[in-house]
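Numbering (this note's numbering), first residue to last: 2 to 1274.
Each residue gets a CB set at the ideal place from its N, CA and C atoms; glycine is no exception.
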C-alpha cells in the first residue's frame, strides 16, 4: 500500500509519479492525505491510476483507492484519523488507520486520545500510517530551531500507551522539508498482532517529487521459512543422553591430523546430534503441545476419580509440562540473543518477540545500487551483496612500496616475541575457551562456544593438538576460516550496502586461535601504542577521549592569529580496507620476529566468506585484504596499523609549534579510539597542506580511505567565512556545529541543557515502551529494569553530569515501566526514588541515577588524583599548577572541573596514601592519620610541603618534624614506613582490596535507610522473582484491595470473597480471614509450631524465620510465607475475576504442587531444611548433598634456621586491635606482641598488625623469612 501527503493530487505531474509508483510496486491500496483537489476530481484520479474503487473521507482531507478484490469497511472516523477494516480474498483481514494530524500539540491530543481508544478495542493486526506532524527523537529533525521536547514526549507516550512499534524503513531519514528544516513527520506504526503476523513488514521512503512529503510504500510480508542449517542448541545439554551421543560421535575414526582431524570430528558429532535430535530429543514445540495435552487429560481424569493415584499422575504430568516449557524458554532465549535474563520466570513470549523484532530490523527488502537503481528481487539483492563485499575485500594495490618513517617506533623485546609465539598449554587454552560467550552466534559449522565448554573434557586433547599445529606452522584450512557475514544497519533506513556493517561470524575453532593471539598481543599493546589511542588497549578507556574532547572544546574559541581547529575524521570501512603488506610492514617495524609475523599473517589470510542476506548464505569468495570485524585479534592489529597515522600526526604537529592546538593543558595532537579520530591543530594554509599531504600518503600505503563527505571540522565561533573556506578548500571537509556526537556522547559548548540527553531518554523509552516488554512477567520487568535499563545511561554518566530534570525523566520512565500494564496507566504505588534502595533496606535493588552520577563523579576524582591517564595529566596541567587539587581555583573552570570540585569533599576522606617516594602533600593528604595534618595541627598557616622533604637517608627527619607537628604526630609518622624506590600508592578505604570500584563508591555516597530484617527475607534464589515482588507489595499494602483503593479516593463497595462478611483489607485477605487463617494454621502445624501474637504481616514473616533451628535466608521456613502469600493472592483474584470459590484446601493443594515442582527442578538442597528432619517436605530434596572433604589447617614449622611471623587482627565496636608471635624452626616462641590501633577497618587492622610485628623484629635484629596471616585480602 502507499500513503502519501500530497497537495494537488490531481495535477498531471503528480498523477504521473503516482502511476509510476503504483505500477512499479503493484499497489493494492492507495491513501492520499491533504489532496487539495475538488471531490469531482476523485473519479478522474481513480481512472488514471487504474483502481476499481475510491472514496473520500474527513472532509475531503483523505482519499482512498482500492481494487474489487479487497473488501473495505470504513469503521471509525475521528477528526484526524480514518479507521478501515480490510479483508483479502484469502480470508485474512487487517485494520488500517490513516492519520492526518494537526500542527499544534494541543490539537494533536484528540488524535492521541482516539488512538488510545482504538488500541483498547482493536483485535488482530493493526497498522497506523500517515502524517503525524511530530517526531519521536531529536535526531529526526535537522535545521531550524531545536526540537520541542514536550511534543516528542506526548507522541512517545501515546505510542507506548497504545502498544505500538515502528515499522522498519529504508530510504531518507527525513520525510518532509520546507527547504530550511527537515523532519520525519510520516511513519508507519504496528501493534503486536501485526508484528507477529507480518514480521517482515517494511516501509520505503520514496523521493518526494513535487510534494514536500515523501510517499510511504508499505509492504507486509511474513517471510519464507527455508530449511535452516545446523546450529548447536544449548538446551540439548539438559538431556541425560546428550553427553553420551557426543562421546560416541567423537570416538568415531576420522582422517587427518591436527586441524583437519578436529574438523572431521566436529562433522561426525554434527551428524550424530542431528540424528539424535530427530529421534530422541524431539521437536521442542511439539513436546510442549504433547505435554500440555497429557496434562489436560490427567486433569480431566483427576476431576472424575479424585484418588491418590490420579493425583500423582496429574502432578507428574504438570512437572513434565513445566520441564518442556523451560526447554522452550531456553531455546528462545538463546535465539533472541538476550543475555541479561537467564533464569526465573518463563518469558518465552518475550524472547520469541525479540527474535521476530531482530529479524524484521535486519531484513533487507530492497537495496540501492551505486548506479542509483533500486533492487527488489531477492536474487538480484543477493547477487549485488556478493559483488559489493567481494569487491570490498579485494586488494586495490598493485605492488607495495614501503613508506618512509620520519618518526621512531617502540620495539618489542625478545622475551615479548617468545611469549607471543610460544606453544599454548592446556590451562591457557581452557581459559580462552571458557572466556568466550556460550550464547554467541556460531560460525558456518554451527557449533557455538557453549558446545566447547560443555564438552570440554571430551574434545580438549584434540583441540589442543589442532591449536598447537597452527603455532607450529600449519596453515589454517578453509574449513576453519570459512566465515558468514551478517549485515547490521549502521543508520536508520539503511538502503545501500555501505550503510551496513559486515560482522564476521567465525567458526569457534578459528576464534579460539585468534583469541589466544589477541590475549597475548594485549600484553604488549600498552608499550607500543601512543597514549592518545585508547581503543582496545588494556588500562585505557574510551571515557578519556570524551572528557579530553570536552575540555579542548572549551579552548577552541581562544583568540589567535591562526585559530584553533578541530578535525573529525571518518574512515570508510576501516577494518575491511586494511592492506596486508602494510600490516606486515608495521609489525616488522615494531620489532615482531618473522615467526610471529608469519603466525599473524596466517590468521588474517586465507579467509573465505559467505554473505547472509535475510538469513540465507550467498556466494563464497576469498579476501585479499582486510581484517574481520568479529575476529578477536582484529582490533589489536588495527590499532597497530593506525599507529602510523597517529605517530605521524604527532610528529607533523609537534615539530612545528605554530601547528599545535593552543590550550592551557598538555599538548594533545589527536585523540583516537580505533578508527574514530579527532585532530587538534591550527587553521593555517601551511598546516592544512601538511596534514593533507600526510593523509594522502597514509591512504596510499595502508589502503585506508578518508570519507570526505562524512568528515568535518570545527572552528571558533568568531572565525571568519574566509577561514572556513580555507579549510573546506584545503581538505574538502564540511563545517559542523555544536553539539555533535562523539563516541556516543554529546560534545557541546556553553551551558549543558536537557536536550543534549534526549538521545539516551529516547533510547530508554524505546526499550521500555516497545510492545515486547509487555510480555514480561513482573519478575522479568525487575530484571530488565535492574540490569539492562540501569546500564543504558551509565556510559553517559561516566563522562557527563546530566541536569536533575533529565535524571528525573529517566526515573519517571522506569517507574512507569514497572507499574503500568499492557500499555495502560496503573496506580504507581511508589515513586522511583523510594524504590532505589537495596532489598534489605526496603527497596527493589535499583540504583538511583543521582547516586550513580555521584559514584561516577567519584571515579573521575580517583582517576584525576592517580594522574596516570592522559586526561588526568591534562587536567593537572590546566588547573592544578603546583597546588593541592582540592585548593585549585581556576578563574574560568569547565563543567568537568566544577563536577570534580563538587565531589572532592565527599571522596577525599575515603582516600589514603601509602608512602613511596613521598610526593604527597604533607598537610592536606591523608597519609599518617585518619585526617589530614592540617585539621589535626592547629597553626596560623600550613606552607606547602611534600612528605619527601622530611626524608633522610636514615629515615625521618625528626628535628624538622618537631618544628611543625607535635610529639604524638611525630610518633605516628615514625611508625609510617616509606620506600623511595617505589611510587606513592593510593588506597581506596571502602574496598577490602584497596582498589577503587564504582560499587564501593556508590555504597559510600548513596542515600541510605535502616536495615530491615523482614525485607531481606522476602527475596530467595529458590523462588521466582514475581513471588518475592508480591510479598514486597504485601508488606507495604501496595495492592488494589477494596479498602486500599477507597483510601486513595475510589468509591467502591467492599466485601471479602472468602467469607462475604467483612470488608476486604490486607490482613483479612492474607492472615485473619477464614481461608487465610486456616492456611497459616495448617502449614505451620506441618512444621511443628503454632503462630500466635502476630499483629501484622511483618510479625508473621519474623515468626516463621525465628522458628527455624538454624535461621537463614534460604531456609524453607523463611520463604514459605512468600509462597503462601502468592497463592492466597492468586486464589483471591480467581474468585474476584473468574468466580472461582476459594478455600484453604485448594490453596494448600496449589502450594504443594508448586513445592513439588521446585523439587523436581532440583532447586531444593538439604540446607533448605536444616533442623526439619521430620518435615514431610524433606522428600522433595532430590539432589544428593555435596560431598565435603575436610581439610586440616595447622601451623607448620619454618625450615631449619629460619623464623616465621604470624599476625592477626580484629575490629570490635569500631576499635582495631592486633597481635602476633615469632617462632623458630623448632616451634619455640621468640616473642609475642599485642597493640591497640584505634579506629580502622579490618583490612587496615590486618596490615597494621603485620607492620607492627615486622617493626618489632627489626628493632630486635631479627629477620623472619616467612610471614603468615589469615586475611584473604
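Outcome for residue i when other beta-carbon atoms lying within 10 angstroms are tallied against a minimum of 16
| i | result |
| --- | --- |
| residue 2 | buried |
| residue 535 | buried |
| residue 1216 | exposed |
| residue 966 | buried |
| residue 1111 | exposed |
| residue 551 | buried |
| residue 344 | At residue 344 the pLDDT is 42, less than 50, meaning the model places this residue with poor confidence and gives no usable figure here. |
| residue 346 | The pLDDT assigned to residue 346 is 45, lower than 50, so where the model puts this residue is not dependable, and the model offers no usable value. |
| residue 348 | For residue 348, the predicted model reports a pLDDT of 47, less than 50, meaning its position is unreliable and no value from the coordinates is stated. |
| residue 230 | exposed |
| residue 1028 | buried |
Run of the alpha helix (DSSP H) containing residue i, from where it starts to where it stops
| i | result |
| --- | --- |
| residue 521 | 509 to 523 |
| residue 971 | 968 to 975 |
| residue 414 | Careful: residue 414 lies outside any alpha helix (DSSP H) and carries neither H nor E. |
| residue 543 | 543 to 555 |
| residue 796 | 795 to 800 |
| residue 620 | Segment 617 to 623 is the beta strand (DSSP E) holding residue 620; no alpha helix (DSSP H) there. |
Own chain, CB closer than 8 angstroms to residue i, minus 5 neighbours either side, in chain order
| i | result |
| --- | --- |
| residue 1071 | 1035, 1077, 1098, 1126, 1129 and 1130 |
| residue 110 | 155 |
| residue 173 | 206, 215 and 494 |
| residue 28 | 2, 3, 22 and 218 |
First and last residue of the uninterrupted beta strand (DSSP E) at residue i
| i | result |
| --- | --- |
| residue 96 | 94 to 101 |
| residue 1021 | Taken as a continuous stretch (DSSP letters only), residue 1021 belongs to no beta strand (DSSP E), as it is neither H nor E. |
| residue 870 | Unbroken run through residue 870: none, as it is neither H nor E. |
| residue 384 | Run containing residue 384: none in the beta strand (DSSP E); it sits in the alpha helix (DSSP H), 379 to 393. |
| residue 1223 | 1216 to 1224 |
| residue 748 | 746 to 748 |
| residue 928 | Here residue 928 belongs to no beta strand (DSSP E), and DSSP marks it neither H nor E. |
| residue 610 | 609 to 614 |
| residue 188 | 187 to 191 |
| residue 904 | No beta strand (DSSP E) contains residue 904, which is instead part of the alpha helix (DSSP H) from 896 to 908. |
| residue 64 | 63 to 67 |
Rounded separation between residue i and residue j - CA only
| i | j | result |
| --- | --- | --- |
| residue 882 | residue 923 | 17 angstroms |
| residue 849 | residue 725 | 45 angstroms |
| residue 351 | residue 1195 | The predicted model places residue 351 with a pLDDT of 47, which falls under 50 and marks its position as unreliable, so this point remains unresolved. |
| residue 21 | residue 216 | 12 angstroms |
| residue 1163 | residue 239 | 12 angstroms |
| residue 1 | residue 875 | This structure does not reach residue 1, given that the chain is present from 2 up to 1274, and the question cannot be answered. |
| residue 1118 | residue 1023 | 12 angstroms |
| residue 979 | residue 936 | 23 angstroms |
| residue 473 | residue 259 | 11 angstroms |
| residue 152 | residue 94 | 33 angstroms |
| residue 241 | residue 279 | 16 angstroms |
| residue 1267 | residue 1155 | 56 angstroms |
Rounded Cβ spacing between residue i and residue j (contact assumed at less than 8 angstroms)
| i | j | result |
| --- | --- | --- |
| residue 1208 | residue 1251 | 5 angstroms |
| residue 1204 | residue 1255 | At roughly 12 angstroms, the Cβ-Cβ gap does not stay under 8 angstroms, so residue 1204 and residue 1255 are not in contact. |
| residue 857 | residue 798 | 5 angstroms |
| residue 584 | residue 638 | 6 angstroms |
| residue 819 | residue 794 | Actually they do not touch by this definition, with Cβ atoms about 16 angstroms apart. |
Closer than 8 angstroms: residue i CB and nearest the ligand FMN heavy atom
| i | result |
| --- | --- |
| residue 991 | Absence of the ligand FMN from the depicted structure is noted, as is the absence of any ligand whatsoever, leaving it without description. |
Cβ-based neighbour list, residue i, same chain, cut-off 7 angstroms, excluding 5 preceding and 5 following
| i | result |
| --- | --- |
| residue 554 | 748 and 750 |
| residue 176 | 185, 186, 187, 206, 214 and 215 |
Other residues of its chain near residue i: CB distance less than 6 angstroms, five sequence neighbours each side excluded
| i | result |
| --- | --- |
| residue 523 | 539 |
| residue 65 | 32 and 56 |
| residue 779 | 1027 and 1030 |
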